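Peer 1:
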Amino acid sequence: MPTISMFFGIIIRIYCGKAEHAPPHIHAYYQDFKAIFDIASGEVTDGSLPPRQTRLVAAWIELHREELITDWEL
893 MPTISMFFGI
903 IIRIYCGKAE
913 HAPPHIHAYY
923 QDFKAIFDIA
933 SGEVTDGSLP
943 PRQTRLVAAW
953 IELHREELIT
963 DWEL
């Protein structure tokens, strides 16, 4: 699972292999926390991050949604 971004101590990764790993999502890691975010909605679907980091990741997804969908479809 390649790292596609790092900011404010948050690591963002995306899984390569969409067919068996739907719906489109990213994995976010911060310290001992990890969460899965749906790309379409920007909402957490599994796990958790602290509130501030959750907001940062959701905002990052909003800014990069088109790129993330393109990456997912590769």
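To convert, count from 1 in the sequence shown and add 892; that's the working numbering.
The beta-carbon is built from N, C-alpha and C at its ideal position, and this holds for glycine as well.
Only a predicted model underlies this, so the values are computations on that prediction, with no experimental measurement involved.
Cα-Cα, which of Pro916, Pro942 and Tyr921 is closest to Thr895?
Peer 2: If you number the sequence shown from 1, residue 895 lands on position 3. The shortest Cα separation from Thr895 among Pro916, Pro942 and Tyr921 belongs to Tyr921.
Peer 1: Is it buried or exposed, Ile923, if we count other Cβ atoms within 10 angstroms and call 16 or more buried?
Peer 2: Translated into the one-based positions of the sequence shown, residue 923 becomes position 31. According to the sequence provided, residue 923 is Gln. The question's Ile does not apply to it. By the 10 Å Cβ count, Gln923 comes out exposed.
Peer 1: Could you spell out where the alpha helix (DSSP H) holding His913 opens and where it closes?
Peer 2: The sequence position of residue 913 within the sequence shown is 21, counting from 1. Counting along the chain, His913 falls outside any alpha helix (DSSP H), and DSSP gives it neither H nor E.
Peer 1: Under the rule that 16 or more other beta-carbon atoms within 10 Å means buried, what is His913, buried or exposed?
Peer 2: Numbered from 1 along the sequence shown, position 21 holds the residue referred to as residue 913. Its Cβ having fewer than 16 others within 10 Å, His913 is exposed.
Peer 1: Beta-carbon separation of Ala932 and Pro916 under 8 Å?
Peer 2: Working through the sequence shown from its first residue, we reach residue 932 at position 40. Working through the sequence shown from its first residue, we reach residue 916 at position 24. Their beta carbons are under 8 Å apart, which means Ala932 touches Pro916 by this criterion.
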